[in-house]
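No gaps in the numbering here: position 68 of the sequence shown is 68 in full-length UniProt numbering, and each next residue is one more. All C-beta atoms in this analysis are idealised placements derived from N, C-alpha and C, irrespective of residue type, glycine included.
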Amino acid sequence: MIDIHTHLWDFEAMPEAIRTYFVGKGNEQVDPKKYTAEGLLESMSQAGIEYSIVSALAYSHDLSWDNIHEINEYVRKAVAASDGKLIGFCTVDPFGGEASITMLRKCMEEEGFKGLKLHGNMQRFYPNDKRLYEIYKVMQSYHKPILFHTGGIGLKAYRDCYGQISNFDDVACDFPELPIILGHAGRLKYEELAVLLRKHTNIYADISTNFSKASEYRTKPMEKLFQTVLEWCGTSSHLLFGSDYPFYAQKQTVDNMNLMEHRTEILKDLEDNTQVFVKKFGII
Numbered sequence: 001m002i003d004i005h006t007h008l009w010d011f012e013a014m015p016e017a018i019r020t021y022f023v024g025k026g027n028e029q030v031d032p033k034k035y036t037a038e039g040l041l042e043s044m045s046q047a048g049i050e051y052s053i054v055s056a057l058a059y060s061h062d063l064s065w066d067n068i069h070e071i072n073e074y075v076r077k078a079v080a081a082s083d084g085k086l087i088g089f090c091t092v093d094p095f096g097g098e099a100s101i102t103m104l105r106k107c108m109e110e111e112g113f114k115g116l117k118l119h120g121n122m123q124r125f126y127p128n129d130k131r132l133y134e135i136y137k138v139m140q141s142y143h144k145p146i147l148f149h150t151g152g153i154g155l156k157a158y159r160d161c162y163g164q165i166s167n168f169d170d171v172a173c174d175f176p177e178l179p180i181i182l183g184h185a186g187r188l189k190y191e192e193l194a195v196l197l198r199k200h201t202n203i204y205a206d207i208s209t210n211f212s213k214a215s216e217y218r219t220k221p222m223e224k225l226f227q228t229v230l231e232w233c234g235t236s237s238h239l240l241f242g243s244d245y246p247f248y249a250q251k252q253t254v255d256n257m258n259l260m261e262h263r264t265e266i267l268k269d270l271e272d273n274t275q276v277f278v279k280k281f282g283i284i
């Protein structure tokens, strides 16, 4: 199994909004080890996951260049310490112009990153803002994916308007060879997601975090996601496995999937889809 959607960052540099969120989820979530390569590798072992893609998380719209470099460097070092089990996606300032392009090229060409992570809700951008198009051009030329956050976000410091998946139609139309991953599958916007998946062969979606808080409805959102995509697209081949670690535990994600009807087929499909994806784009 490959987890397409995880994060690591320096525990000491964690912003207050995220720290408060984790404190509310319990003491285990504020264990510094959880945010290290060692902690993620332990989690993977417990969940039966062989590889994880670790995305650098730009957690604010006003980060300095030094901040962004440190965020990327933390991920780079974690990957280097993982014996090949972790793969890094970098991040950049979406509005940084040529400086962002220079940083992106260095990350991709010299530092071993295999993709890019952009978070509209945290970085305050709409994906179809043409100021980002030079970044998209570069990633399309590499034929490497961009993982975007999509849908809402459960932290009040960040705004949900930037994550609406309808905005990605423009991006996919203008960059038909750019591999696009819609993180969290649009968070309940399953019909809009299905329309995009049916129209654009370069759009994929990861299934992370699509579970109910209510135990009696735990798997209902995920079941609706698969049903909607299958009904409209005829296939779920562009759905990928992801957990959003450390926001959500990898083992919890796998355990929740195992509660679903047709769980064996669904987990096998996700595993196969993700394997095909990472090989197609030279990620592993």
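In the DSSP assignment, C173 falls within the alpha helix (DSSP H) that extends over F168 to D174.
Selection L230, I87, L188 and R263 evaluated against G151 yields L188 as nearest (Cα-Cα). Nearest in C-alpha terms to T253, of all of T219, H238, L104 and S82, is T219. In the displayed model, S45 falls within a helix according to three-state DSSP.
Within a 10 Å sphere around the beta-carbon of T36 sit 16 or more other beta-carbons, which makes this residue buried.
Under the DSSP assignment, I68 falls in the alpha helix (DSSP H) whose first and last residues are W65 to A80. Distance from the CA atom of Y245 to the CA atom of I18, rounded to whole angstroms, is 13 Å.
Boundaries of the alpha helix (DSSP H) harbouring F22: E16 to K25, taken from the DSSP string. Within a 10 Å sphere around the beta-carbon of E192 sit 16 or more other beta-carbons, which makes this residue buried. Looking at the DSSP output, F95 sits in no beta bridge, so it has no partner there. Cβ contact annotation for E271 (same chain, cutoff 6 Å, sequence separation greater than five): M1, in chain order. In this model, E134 and K77 are separated by some 27 Å (Cα to Cα).
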